[in-house]
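Undergrad: For the sequence shown, my numbering gives the first residue as 35, with consecutive numbering after it.
Have a look at this one.
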Amino acid sequence: MTIRFENVWFAYESFAAPGNQPKPQLQDISFEIHAGELVGLAGRSGSGKTTLMQMFNGLLLPERGRVLADGEDINVPDYDLTALRRRLGVVFQFPEMHLFAATVEEEIAFGPQQQHLPSAEIAQRVTLALHQVGLHESFGGRNPFTLSQGEKRRVALAGVLAMQPEMLVLDEPTASLDARGALEVRRLLRDWQAVGKTLVIISHDMDLIAYLCPRLLVLGEGRLIYDGPTASLWEMAGPNSAQDMLRQAGLAWPRYQRLRQILSSRGISWQGIPILKDGQDP
Ligand SMILES: Nc1ncnc2c1ncn2[C@@H]1O[C@H](COP(=O)(O)OP(=O)(O)OP(=O)(O)O)[C@@H](O)[C@H]1O
Ligand SMILES: [Mg+2]
């Protein structure tokens with residue numbers, strides 16, 4: 035599925051007092067996400083990432099401009115938003131906060147049950163989703179509240195996966211996990227893309243984005259200030275360098291790129307230094 039934002043504007047305070055012009059949270063945003071892409075969306079706190087996320091499946095409506103799914107405007111009255119939300123999942127930050135069922139199995143089965151699928155199919159999806167998030171089947175009977183934070187996050191993500199969406203927009207999927215938990219989620223995201231899911235990953239963790247996302251969108255104060263290959267950023271230098279642009283957007287330069295710069299500036303070749311592969315312990 036393709037999602038296209040066309041000159042989207044959005045302000046929370048549309049009804050501000052006369053003379054008190056609210057500053058729009060999103061200004062003239064245009065981009066397109068194609069099937070199978072893995073795109074990072076970065077920007078400082080308050081830049082509008084979560085606001086933008088909610089426009090992917092019509093939870094918030096643009097003030098101006100349009101959001102199109104496969105070429106169709108999703109904000110016209112007769113558009114079937116329920117069908118879109120089955121195909122396109124948005125995952126809010128800390129999804130584990132919304133776990134509610136008595137067992138992991140029931141938790142994961144909830145979404146497919148809402149879709150009125152046959153029980154054999156639901157059972158199959160639960161098993162598959164557990165496998166996809168790397169949890170052993172024996173977790174099925176556990177009470178979600180007895181799990182570690184990383185396990186809880188994976189159960190919440192399994193619940194989303196069990197609905198088998200084509201596209202997922204995830205808000206800070208590794209936030210507040212320890213190194214091991216973050217690594218597990220990072221692997222998951224990489225594996226999902228390998229099986230054909232389209233992913234938009236919202237994060238200010240540039241290490242995560244540099245590692246995972248071939249394409250990067252950067253939001254600065256509600257405007258899209260970069261949309262292009264992530265790798266091109268590391269090669270851009272000079273007074274208006276990508277580094278300045280990211281700094282202004284409140285984003286850190288990835289650690290590996292910083293190391294590379296330090297070594298280069300001291301005349302040390304970084305070419306022969308091995309890059310840690312995902313899954314290797316530093
Ligand atoms: N429901 C709301 N009502 C009014 N203003 C809001 C609302 N939600 C967000 N905002 C404001 O909109 C701006 C963008 O917020 P948003 O949550 O989209 O930022 P963000 O980039 O996701 O930040 P973070 O990285 O901290 O999650 C902020 O100034 C925020 O205060
Ligand atoms: Mg946010």
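The C-beta atom is built at its ideal place from N, Cα and C for all residues, glycine as well.
None of these values were measured; they are calculated from a predicted model.
1) How should Phe134 be labelled, buried or exposed, when 16 other C-beta atoms within 10 angstroms of its C-beta is the threshold for buried?
2) Quick one: give me the first and last residue of the alpha helix (DSSP H) that Trp43 is part of.
3) Taking C-alpha atoms, which residue in Tyr113, Met201, Asp261, Ala143 lies nearest to Val125?
4) Measuring CA to CA, which of Glu141, Val203, Pro199 is closest to Arg176?
5) Ignoring anything shorter than 3 residues, give me the beta strand (DSSP E) runs that lie fully in the segment 137-214, in order along the chain.
6) Closest to Pro199 by CA distance: which of Gly123, Leu211, Pro152 is it?
7) How big is the Cα-Cα spacing for Arg292 and Ile236?
8) Taking 6 Å as the limit, tell me which residues put their C-beta closer than that to any heavy atom of ligand 2, in chain order.
9) Quick one, which of Ala190, Arg214, Ser299 has its alpha-carbon nearest Leu204's?
10) Along the alpha helix (DSSP H) that carries Leu94, what are the first and last residues, could you check?
11) Are the CB atoms of Gly215 and Arg187 within a distance shorter than 8 Å?
12) Would DSSP call Arg224 helix, strand or coil?
13) With H, G and I counted as helix, E and B as strand and the rest as coil, what does DSSP make of Val219?
14) Pull up the distance between the alpha-carbon of Gln282 and that of Asp239, whole angstroms please.
15) Is Gly284 near ligand 1, going by C-beta to nearest heavy atom under 7 Å?
16) Can Asp241 and Pro288 be called in contact, C-beta distance under 8 Å?
17) Do Ser210 and ligand 1 come close, with the Cβ less than 7 Å from some heavy atom?
18) Can you tell me the Cα-Cα spacing of Leu95 and Val110, whole angstroms?
19) Mind checking Gln227: buried by the 16 CB within 10 Å criterion, or exposed?
20) Hey, out of Pro129, Thr161, Gln127, whose CA is closest to Ala143's CA?
21) If distances are taken between C-alpha atoms only, which option among Leu211, Gln148, Tyr113 comes closest to Gly193?
22) If Gly262 sits next to Gly82, beta carbons under 8 Å apart, how far is it from one beta carbon to the other, in whole angstroms?
23) One question on the structure: do Gly168 and Leu222 come within less than 8 Å of each other, judged by their Cβ atoms?
24) Determine the contact status of Val73 and Leu251, defining contact as a CB-CB distance below 8 Å.
25) Assuming Glu106 contacts Thr232 under a Cβ cut-off of 8 Å, what Cβ separation, rounded to an integer in Å, is found between them?
26) Hey, Phe39 and Pro58: beta-carbon distance below 8 Å or not?
27) Can the beta-carbon of Leu151 be found less than 8 Å from the beta-carbon of Gly184?
28) Run the proximity test for Gln59: is its beta-carbon closer than 7 Å to any non-hydrogen atom belonging to ligand 1?
29) Nearest by alpha-carbon distance to Gln61: which of Asp114, Thr36, Glu97 is it?
30) How big is the Cα-Cα spacing for Leu164 and Asn41?
TA: So, from the listed chains and residues:
1) exposed
2) Careful: Trp43 lies outside any alpha helix (DSSP H), inside the beta strand (DSSP E) at 37-44.
3) Met201
4) Of the candidates Glu141, Val203, Pro199, Glu141 places its Cα closest to the Cα of Arg176.
5) Within the segment 137-214, complete beta strand (DSSP E) segments of at least 3 residues are found at 201-205, given in chain order.
6) Gly123
7) 22 Å
8) Lys83, Thr84, Asp205
9) Ala190
10) No alpha helix (DSSP H) contains Leu94, which DSSP labels as neither H nor E.
11) yes
12) Look at Arg224 here: in three-state DSSP terms it is helix.
13) helix
14) Roughly 15 Å between the two C-alpha positions.
15) Exclusion of Gly284 from the 7 Å shell around ligand 1 follows from its C-beta lying no nearer than that to any non-hydrogen atom of the ligand.
16) yes
17) no
18) 10 Å
19) buried
20) Thr161
21) Gln148
22) Going by Cβ atoms, the distance from Gly262 to Gly82 rounds to 19 Å, so no, they are not a contact pair.
23) yes
24) yes
25) By a beta-carbon distance limit of 8 Å, Glu106 does not contact Thr232. Their separation comes to about 17 Å.
26) no
27) no
28) yes
29) Glu97
30) Straight-line Cα distance between these residues: approximately 39 Å.
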